[in-house]
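First up is the structure itself, then whatever we jot down about it.
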Amino acid sequence: MSKTGRPNYRRGQRGAPKAERHIIVRSVKRESPDLRKLSRAVIAMALREAEAEAEARVAAAKNDVTPSERHSAASVKPFDEEVGHD
């Protein structure tokens, strides 16, 4: 909080990263499934997957290398010395 008592909306971005939430699923025998809980779990998994894909895209864009280029670049050995041709 600032001196004026208002929260700083930018502070969350600069602070320490928050721990990930873990989803725990426990079975309870019922006649029909709880669709609300199931839908919330599926949405949480989809959001986590989308975040991971976005982070991978940002990392790839930062490195400016696609996964296929990364794989082919790892298999090519760099030349240590020049080869002279006569």
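Going by the working numbering, the sequence shown opens with residue 51, and the numbers climb by one from there.
For glycine and all other residues, C-beta sits at the position ideal for the given N, C-alpha and C.
Exercise. Just checking, does the region 67 to 79 make contact with the region 89 to 99 on the three C-beta pairs under 8 angstroms criterion?
Worked result: yes
* Taking Glu-103 as part of the alpha helix (DSSP H), name the residues at either end of that continuous run. => To locate residue 103, count along the sequence shown from 1; it is residue 53. First-last of the alpha helix (DSSP H) with Glu-103: 85 to 113.
* From Ala-96 to Ala-111, what does the alpha carbon distance come to, in whole angstroms? -> Within the sequence shown, numbered from 1, the residue matching residue 96 stands at position 46. Within the sequence shown, numbered from 1, the residue matching residue 111 stands at position 61. Whole-angstrom Cα-Cα distance: 22 angstroms.
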